[in-house]
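Top line first, the protein sequences correspond to chains A and B.
Letter by letter, the first sequence follows residues 747 to 892 of the numbering used here.
Letter by letter, the second sequence follows residues 747 to 892 of the numbering used here.
All C-beta atoms, glycine included, are put in the ideal place defined by N, C-alpha and C.
Just so we're clear, the structure is a prediction, and the values are computed from it rather than from any experiment.
There are 2 protein chains.
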Amino acid sequence: MQLQQFLPYRLALLADAVSRSMAAVYHQRFELSRDEWRLLATLGGAGRVQAAEAAQLTTLDKMQASRALRSLQARGLVERQPDERDRRHVIVQLLPAGRALLRQLQPMVLAREAYLLEALDEAERAVLDRALDKLLQRARTLHRQG
Amino acid sequence: MQLQQFLPYRLALLADAVSRSMAAVYHQRFELSRDEWRLLATLGGAGRVQAAEAAQLTTLDKMQASRALRSLQARGLVERQPDERDRRHVIVQLLPAGRALLRQLQPMVLAREAYLLEALDEAERAVLDRALDKLLQRARTLHRQG
DNA sequence: TATTGTTATACTCTATAACTATA
DNA sequence: TATAGTTATAGAGTATAACAATA
Numbered sequence: 747m748q749l750q751q752f753l754p755y756r757l758a759l760l761a762d763a764v765s766r767s768m769a770a771v772y773h774q775r776f777e778l779s780r781d782e783w784r785l786l787a788t789l790g791g792a793g794r795v796q797a798a799e800a801a802q803l804t805t806l807d808k809m810q811a812s813r814a815l816r817s818l819q820a821r822g823l824v825e826r827q828p829d830e831r832d833r834r835h836v837i838v839q840l841l842p843a844g845r846a847l848l849r850q851l852q853p854m855v856l857a858r859e860a861y862l863l864e865a866l867d868e869a870e871r872a873v874l875d876r877a878l879d880k881l882l883q884r885a886r887t888l889h890r891q892g
Numbered sequence: 747m748q749l750q751q752f753l754p755y756r757l758a759l760l761a762d763a764v765s766r767s768m769a770a771v772y773h774q775r776f777e778l779s780r781d782e783w784r785l786l787a788t789l790g791g792a793g794r795v796q797a798a799e800a801a802q803l804t805t806l807d808k809m810q811a812s813r814a815l816r817s818l819q820a821r822g823l824v825e826r827q828p829d830e831r832d833r834r835h836v837i838v839q840l841l842p843a844g845r846a847l848l849r850q851l852q853p854m855v856l857a858r859e860a861y862l863l864e865a866l867d868e869a870e871r872a873v874l875d876r877a878l879d880k881l882l883q884r885a886r887t888l889h890r891q892g
């Protein structure tokens, strides 16, 4: 068995390298954690959402989301308000400062993503796109079964 | 921007799900860490190698490799001996117990990898194979440049 | 009694660098 | 003085569950 050819290993290396190349922007340059960056990006397209919804959209659990949102609020980037109709819920939304930061950050990470994808032609991108979905589905099936 | 369509996010989710589906075997069933599993798999195909070589083949740094190898030795799975020609070097190799464990473990993870890849036809696998390499190359370029 | 979100805590990983022994 | 490997340690991330407020 060749570890270098083992799909899980190759995916781990790639995801790690890609993640680091993005973190160079959102972490080193904007001092956001990965979770904070994910929430910011999601809230940028989502308007007002419940905390649980924001967590679900970013694949964070409620605890990770809670901590990241608290930190974003402390920096004045997002607002958290109790939902008046059910005060157990918290409604989250970007503040202008968050929007401004996102307007700076987003083009930079999208440019990096574009640079990565330039390695592939249209047909290859289409195959990759479907392959990632299919593999994810199967990996989750394996994971559910233990 | 849609986080769900963002390549780095999708790769992270996939690599994480795939990694968990493999850890279900090597970790939960055989009580190996990811680093230990990587070293075991590599030593299975490599014979006697220097510690630094083993580290390089598994993309671990010398500290991670040192710890994982110590733990594998403590369990009687690998042997570490000083190199008589240069006693700063450590030569590592699998012991029979390590080989036996690998013979049990390897078919299980390879079966899981095969199940994942069954989601794709031959042409798709070929494209994925090249795409992963090309993306890794570009991600590393980005990472080197900061 | 159940649900949402928060807090506490312990555990694992990671990163940096100091240290040991050999050369 | 340089190298291979080990050890120490601090920081970040992760996982579980106890907890408070509300329903």
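Within its chain, find whatever has a CB closer than 8 Å to the CB of residue i; leave out the 5 residues flanking it on each side and keep chain order.
i               : result
R858 of chain A : S767, M768, V771
Any Cβ of chain B within less than 7 Å of the Cβ of residue i?
i               : result
R845 of chain A : no
E859 of chain A : yes
M747 of chain A : yes
P754 of chain A : yes
K808 of chain A : no
G892 of chain A : yes
E870 of chain A : yes
H773 of chain A : no
H835 of chain A : no
L878 of chain A : yes
A897 of chain A : The question about residue 897 of chain A has no answer, for chain A in this structure spans 747 to 892.
L785 of chain A : no
A769 of chain A : no
A814 of chain A : no
L888 of chain A : yes
A865 of chain A : yes
L778 of chain A : no
L823 of chain A : no
Quick one: does residue i have its CB under 7 Å from some CB of chain A?
i               : result
V873 of chain B : yes
M854 of chain B : no
R766 of chain B : yes
A761 of chain B : yes
A739 of chain B : The requested residue 739 of chain B is not part of the displayed model; chain B covers only 747 to 892.
L881 of chain B : yes
A801 of chain B : no
L757 of chain B : yes
L840 of chain B : no
L818 of chain B : no
L862 of chain B : yes
Taking the CB atoms as reference points, tell me whether residue i and residue j lie closer together than 7 Å.
i               : j               : result
T788 of chain A : L749 of chain B : yes
L851 of chain A : G790 of chain A : no
L753 of chain A : A761 of chain B : no
L841 of chain A : A814 of chain A : no
E870 of chain A : A792 of chain B : no
V873 of chain B : V824 of chain A : no
Buried or exposed: where does residue i fall if 16 or more other Cβ atoms within 10 Å of its Cβ makes it buried?
i               : result
P828 of chain B : exposed
D781 of chain A : buried
G844 of chain B : buried
A763 of chain A : buried
L856 of chain B : exposed
A846 of chain A : exposed
A860 of chain B : exposed
A820 of chain A : exposed
Among residues of its own chain, excluding the 5 on either side of residue i, which ones have a beta-carbon nearer than 6 Å to its beta-carbon?
i               : result
L778 of chain B : Y772
T804 of chain B : R784, L785, T788
Near residue i, which residues of its chain fall below 7 Å by C-beta distance, leaving aside the five closest residues on each side in sequence?
i               : result
Q810 of chain A : D781
Q.
Count Cβ pairs between the stretch 797-804 of chain A and the stretch 831-838 of chain A that sit closer than 8 Å; are there 3 or more?
A. yes
Q. Okay, do the stretch 877-889 of chain A and the stretch 852-868 of chain B touch, 3+ Cβ pairs below 8 Å being the bar?
A. yes
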